[in-house]
Amino acid sequence: MNIVFDLDGTLIDARPRMHALFAELVPGSGLDMDAYWALKRAKVSHEQILRQRLGYDQERLAGFVEAWMARIESPAMLALDENFPGMHATLDRLAAQARLHVCTARQHRQPVLDQLERLHLLPYFTTVMVTEQASDKDALIARHVPDLSARDWMLGDTGKDVQVGKALGMRTCAVLSGFLSRASLEPYGPDLILENAAAFALPPA
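In the working numbering, the protein residues as written are 1192 to 1396.
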């Protein structure tokens, strides 16, 4: 059996990093951590925030996007990420029952490996897949996990993760610890919705 985990918002808490960079790039936004994530979990994009709340034009918006992509995976930013509570115990348990994999849409592979090692997560995973803006998650998973079956699971915090799992014929678990609220996730029809990935357990055979 295989279990494929998304990274940000699923295995690790990336919310402080995302808000810290937004606050640095848009110091006049007036959005504290709670206000920022209330908007993000309601599927309000950065573009919507910047255009509708702050009056950004296309040039300023393009500048924000360029700076965001350049900084969001920098060592200083990634150092703000931490494990969710209970994650190691959950991965210990699941690793005895299935092959575990990570698939993330980050831009660069080596910082992912470095971060997983820093957080003592790397040894749990058979495969670490990074799209590097060159591949879709479903194609990447299909290529690196060739023995997928309807018994396998995809865990993630976005509707896209649910769609990827369904496209590959996997069961899907959406978690509320990342980018979207329950109301935002339910329309995608995941098999499970949990507070976080640490609460995930394989159902009885």
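The beta carbon of each residue, even a glycine, is placed where N, CA and C say it ideally should be.
Asked, Found
"Endpoints, the alpha helix (DSSP H) within which M1268 is located", "P1266 to L1269"
"Local Cβ density within 10 Å of R1232, reported as buried at 16 or more and exposed below that", "buried"
"One or two residues paired with E1273 in a DSSP bridge", "D1204"
"Rounded C-alpha distance that separates H1210 from L1346", "23 Å"
"Endpoints, the alpha helix (DSSP H) within which R1309 is located", "R1300 to R1309"
"Classification of G1350 by the beta-carbon crowding that lies within 10 angstroms, buried from 16 upward", "buried"
"Proximity of T1201 and V1303 at Cβ, strictly below 8 Å", "no"
"Residue environment, P1207, which counts as buried when at least 16 other CB atoms sit within 10 Å", "exposed"
"Buried or exposed by the 16-neighbour rule on C-beta atoms within 10 Å, applied to R1373", "exposed"
"F1213, DSSP secondary structure in three states", "helix"
"Residues sharing a beta bridge with R1362, DSSP", "W1344"
"Given 8 Å, three or more beta-carbon pairs between the stretch 1218 to 1230 and the stretch 1272 to 1281", "no"
"Between the CA atoms of A1270 and A1214 - distance to the nearest angstrom", "17 Å"
"Identified DSSP bridge partners for H1292", "V1195 and T1318"
"When K1234, A1333 and I1240 are compared against L1222, the one with the closest alpha-carbon", "I1240"
"Burial state of R1284, where buried means 16 or more other Cβ atoms lie within 10 Å", "exposed"
"Cβ shell of P1381 (< 7 Å), same chain only, five flanking positions each side left out", "V1353, T1363, C1364 and A1365"
"Rounded separation between A1289 and A1330 - CA only", "21 Å"
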